[in-house]
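Working notes, structure below.
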Amino acid sequence: MIMENISDVTVGPCENSKYIVPKRIHYTQNGAAKIWDVMRVHDGVAILLFNSSRNVFVFVRQFRPAIYINVVKTEINNGIETVDTSKYPGTLGLTIELCAGIVDKDKPVPYIAKAEVLEECGYDVPLENIKKITTCRNGVGTSGATIHLYYAEITDSMKVGPGGGIATEGEMIDIIEMTPEEMQIQIAPFCKDFNEKTAHIKPGIKIQTEVSVNPDRSYNIKLLTPPTQYFLMQAAGCQKGSSKPGTKVSGIITLKHIYEIAKVKSQDPSFACMSLEQVCKSMIGSAHFIGIKVVKGPLEVEELRQFLVQRAEELALEEKELEELRVSKMLRL
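If you number the sequence shown the way the working numbering does, the last residue is 316 and the count never jumps.
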């Protein structure tokens, strides 16, 4: 079986899922009413495996629909949202990742980690070999789930099965081994390539970049658009956001600005599954978050001039207060 043999892809609403529960949170922050869409999901566990018998790291490769749908373009055919797999092959959804799973059993996390290593990689690892690295939050913009990260040293003698996941649950997992040398890239050629790809960008502009490293130590550099806040602050002509969003306004832009920014940001993979209207709403939310006011019609010149004068006075006062605070702290030392 070939895991990247993907076809007949359709996209629809998520209903009655066992794994995720979409929610919309309404709340007030610093006096401003806000909305945020989130998901309740299971916590996760991931294990970095090192086989000391052959000096290799052990990873897994599998097809991830969430990765796939965020790198492809969908189209509507006869009222159904679909993906043309002749244009977007299943290889776009393949990942090489740590052995991992969800925490969905009432057991200590190390026991769940041990079971995942056995199911996915075929190693029966003693619990004392499973060492905790850290616990952190994942997907903080959407789920905020807890990820438990572990390290385990394994040997060939611990190999008791083929791994590959649970076939009865439809899992298709390949085991990938890499030496420490295979996981490195040459820094000098990378810096040269990166500088060449960004040579046309004006100095000072922040560019979001995705870098993926392949098993053969080749790499792909993908330049995305600047952060949303950069566009919003450029459009508003302000250097910093409001220290008190919802109370103090840091800048003013129009819906026309929002529309033009949304057209650019919709090219990013993170907005691939959103309509232009949804991207616009996201831009408006980001504007409010940093204190930028969004108005419908064109700005009156006099109104804008008065606002800029008032804002300059507010910034000068804030800077004065900060300087006084710094001085008072120094005097207390």
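All C-beta atoms in this analysis are idealised placements derived from N, C-alpha and C, irrespective of residue type, glycine included.
Note that the coordinates shown come from a computational prediction; the quantities given were computed from them, not determined experimentally.
Per DSSP, what kind of secondary structure is T74 in: helix, strand or coil? helix
CB G274 to CB G224, shorter than 8 Å? yes
Uninterrupted alpha helix (DSSP H) stretches inside the segment 190 to 227 (no shorter than 4 residues): 211 to 219
Any idea what DSSP makes of C263, helix, strand or coil? helix
Start and end residues, beta strand (DSSP E) containing F40: V39 to F46
State the DSSP-derived secondary structure class of A15, mapped to helix, strand or coil. strand
Is there contact here, the segment 154 to 174 with the segment 59 to 69, by at least three beta-carbon pairs under 8 Å? no
I113 lies in the alpha helix (DSSP H); which residues open and close that run? That residue, I113, is in no alpha helix (DSSP H); its beta strand (DSSP E) goes I113 to N121.
Identify whether P5 lies in helix, strand or coil by the three-state DSSP scheme. strand
K1 burial status per 10 Å Cβ neighbour count (16 or more: buried): exposed
Where P48 and D67 are concerned, what is the direct C-alpha to C-alpha distance, given to the nearest angstrom? 14 Å
So is T211 buried or exposed if we call it buried at 16+ other beta carbons inside 10 Å? buried
Give me the Cα-Cα distance between I190 and H240, rounded to the nearest whole angstrom. 20 Å
Cβ of L282 within 8 Å of Cβ of I235? yes
To the nearest angstrom, how far is the alpha carbon of T192 from that of D251? 11 Å
How should L308 be labelled, buried or exposed, when 16 other C-beta atoms within 10 angstroms of its C-beta is the threshold for buried? exposed
My assumption, with CB atoms under 8 Å, is that F42 sits in contact with E80. Please give the rounded CB distance. 6 Å
Going by beta-carbon coordinates alone, are A135 and K114 separated by less than 8 Å? yes
For S258 and A15, the rounded distance between their alpha carbons: 26 Å
Using DSSP with H/G/I as helix, E/B as strand and the rest coil, what is M22? strand
Sub-8 Å separation of R44 and I168 beta-carbons: no
Assuming L215 contacts I170 (C-beta within less than 8 Å), just tell me the rounded distance between them. Not confirmed; about 34 Å, so no contact.
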